[in-house]
Every structure is written in C-alpha cells, then in structure tokens.
Ligand code: 13P
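Numbering (my numbering), first residue to last: 26 to 334.
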C-alpha cells in the first residue's frame, strides 16, 4: 500500500500530526527538508497550483526536481513525502482549471499523494469530480485528499474579517454532508473547515500577519464522527497553540502550513537581499514550527516500523 496513506492512517489512529509544509519559492526546499531531518519529524512537502501561478514555485516538474535534489539518500527520504496540494476545479479567480491533466502529470512524476479541490462546486459536483480523481489516482496507488466547506483566504482582495467568519461559522463543513461526501467520493483524506482561514495570497495582502485563529473543537468532533477518515486542517499558520493538541487527538492527522514559513523566507530575503540568509531564517523558523509550535520533534520514530529498510 502507498506509504503516505499508511503513515497518515497511523497518525490518525494515534492522534499524531504529520504537518504539510508548502514551498511557494524553490529555494525554500532544502532548508525546509533539512529542518524536518534535524527535528527528526515526519512531514509532507507540498506545492499547490496557486504557488506556481502566483508565487515562484515554477511548476510541478520544478518542485519535483528541487525535492529530488534535497532528498538524495534513504535517511532523508524517511522523513518527508511529496504532496500535491490544492488543484482547484474552479480557481480563486473563478477560472476553470484543467485539474485532471495536472493531477495525472503529478502522479506520473512520482508525487506520493494529491489533492483535488472541488470546494467551489455544489456538493453533488464536488462528489462527482472527486470520485473521478479517486479512480484515476487509486489506479496508480496514490491517495487523494479532497475538500468540503470553505477555508477562506485565497480570494482576491483583503482577507475576510476573521471574528465574523468564526462567529457565524461561515464556510464550516456540514457534518452530514461530510459523511455522504466521504462515502460517495471514496477520498482518503478530507480537508474540513471549522475555524481556520488560509493566509492571504493576493499581492497586496500576502505579507500581512494572519489573525490568531481559533478552532471549533465541538464542530470538529461532529466531523470526525461523520467521516471516519484522517482530517486535514488547512490554513495552519496562526492557529492558537492551545487548540492544536486537542485537534490532533480528535482526528486532524495532517495540517498545512504555508504563510508562516513563506513570510520567514521572504521577509529575510527583503531585509538582507541574500537567498542564503533567507534560507537560514526559514530553516530556523521551520524548526521552531516543528518543535515549539506543533510539538512533534522526533515524530519520525513513531513511524519507523512502517518505513522500508
Ligand atoms: P497557511 O498559509 O494559512 O498556513 O495555509 C496553508 C495551506 O492551507 C495550504 O494548503
């Protein structure tokens, strides 16, 4: 069975988190991978379509190449897995995306897992498109993450007012729909909305500090009960630390972190003009995220028995 799937199932059963670290700028790759190795933490390394369309990730071929350059030996390979994050069916600018060919190409290139994001579609359409991608990916043994509900922040313009989103449960995944979605689409992992927001990606707002986000853990409990698959928390940067461990224990097995490490890199690059110094700052911040923020230093040890010799 696919190792990423085995790892995330194990994480889910044991209340452990495997973070997913986004790479919107290619020079971020070696620093992030090294931080995972030095913190002995199991992690996904991820890129989403918006990161090659609106940032400097290049494309899925470039990211795979950078990954292969950073992950050269068995020891390093035992810490990280490559994931294709958000491939939307309809993107943040309301344009149709040729999601099928992007995902097929990533699978052919050797990405370990993929995400189809049909969250801007109706429930029925989201189920239909996700089931189509599940069929395609499972034929190659690759697990599929899907999304139901709206984790805001990727839209153009200013981010939505956080307190309002949380108070009104705006975009929150509806538990009953989530149950039906998992059953009928066959997705392996589900991204759900219950309080987090994505860091802004539009040019004017992408350097902003994210709001401190809360998680509605009662809502999460309903989603866990309804779905029975590992849940994914998007918009991981800036979630208040006290919510994290309870969320991992309840069923959040994967959490995506983009803005926090991206800003560490781009802020340092702006201040020093040096890619090397920016990589150093990113390396330190990623270690901080893994150890101090997420508290998962040494997590690879837990999965060691599952890894190939
Ligand atoms: P943040 O940039 O808010 O950490 O979110 C990352 C993410 O969810 C990528 O899919």
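Backbone N, C-alpha and C define an ideal beta-carbon position, used for all residues, glycine too. On a predicted model such as this, the values are computed, not experimentally measured, just so you know.
- Per the C-alpha coordinates, the member of 99, 247, 158, 280 positioned closest to residue 41 is 280.
- Taking residue 146 as the centre and dropping the five residues before and after it, the same chain places the C-beta of 114, 115, 154 closer than 8 Å to its C-beta, in chain order.
- Within the DSSP bridge table, the entry for residue 142 names 113 as partners.
- Annotation: residue 200 to residue 185 spans about 23 Å, alpha carbon to alpha carbon.
- According to DSSP, residue 170 shares a beta bridge with 140, 214.
- If you look at residue 257, you'll find it isn't in any alpha helix (DSSP H); it sits in the beta strand (DSSP E) that goes 256–258.
- Ranking 130, 90, 179, 86 by CA distance to the CA of residue 119 puts 179 first.
- Just so you know, the alpha carbons of residue 264 and residue 233 end up roughly 15 Å apart.
- Distances from the CB of residue 316 to the heavy atoms of the ligand 13P are all 7 Å or more.
- Closest option to residue 135, judged by alpha-carbon separation, among 282, 207, 258, 27: 27.
- Setting aside the 5 residues that flank it on each side, residue 231 is surrounded in the same chain by 225, each with a C-beta closer than 6 Å to its C-beta; the list follows chain order.
- Secondary-structure assignment with DSSP links residue 281 through a beta bridge to 45.
- Rounded to the nearest angstrom, the gap between the Cα atoms of residue 65 and residue 257 is 22 Å.
- Judged by DSSP in its simplified three-state form, residue 106 adopts strand.
- Take the alpha-carbon of residue 333 and the one of residue 292: they are about 38 Å apart.
- Not one heavy atom of the ligand 13P falls within 7 Å of the beta-carbon of residue 143.
- Residue 165 and residue 110 do not touch by the CB rule: their CB atoms are close to 18 Å apart, not below 8 Å.
- The shortest CA-to-CA distance from residue 163 to any of 300, 132, 182, 247 is the one to 132.
- Leaving aside the five residues that flank residue 191 on each side, the residues in its chain whose CB is nearer than 8 Å to its CB run, in chain order, 220, 238, 239, 241.
- Judged by their CB atoms, residue 108 and residue 137 are nearer to each other than the 8 Å cut-off.
- Within the same chain, Cβ atoms closer than 6 Å to the Cβ of residue 61 are found at 68, 104, 105, the five residues on either side in sequence being excluded.
- Counting the other CB atoms within 10 Å of its CB gives residue 208 a total below 16, which places it among the exposed residues.
- CA-to-CA, the gap between residue 254 and residue 123 works out to about 27 Å.
- From the listed residues 243, 203, 290, the smallest Cα separation to residue 268 is found for 243.
- Counting other Cβ atoms within 10 Å of its Cβ, residue 39 stays below 16 and is therefore classed as exposed.
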